[in-house]
Amino acid sequence: MSIPVSAKDILKTIEEFGTSTYFISATADGHPHVANLTFVTDNDGLVFTVGKRGTKNLKNCAQVTMLWPPKEVGGYSLIIDGIASKVENSDVSASLWKISFDSGILHRPAQSSTNDNHSCGSDCQTI
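This is the structure:
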């Protein structure tokens, strides 16, 4: 099921999930790196700092994924894909970044069912 929403709705959804997320980047040879981070919302993205490994990964590849786990058992996870860009002229940190969104989904595994129709493995919602 796909439900398109505006960037404004993505920010609202992010605020519902909170300001702590899992940041997923990739090394130059494609290995994933996961780190927990906090962020602040901006008009059209999220602003955050990352450590040495995250900074190195972002310099090699700006594509990132942010993952918020479900707030309750059986609930939806929020997954946002985007592009990170370095925030220039910042006095706060040499590793200050901003992510702009490409896409996002609310995702949870399909509920157990006796239905033998294996064509539906989840009930994702595009946002």
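The working numbering applies: residue 911 is where the sequence shown begins, and numbers increase by one.
Where is the CB? At the ideal position from N, CA and C, for every residue including glycine.
Check                                                                                          : Outcome
Given 8 Å, three or more beta-carbon pairs between the stretch 960-968 and the stretch 917-932 : no
G955 beta carbon less than 8 Å from that of S1010                                              : yes
G940 - DSSP class collapsed to helix/strand/coil                                               : coil
Coil, strand or helix - N946 by DSSP                                                           : strand
Check whether V957 and L1006 have beta carbons under 8 Å apart                                 : yes
For E998, the nearest candidate out of K981, E982, P942, K1008 (CA to CA)                      : K1008
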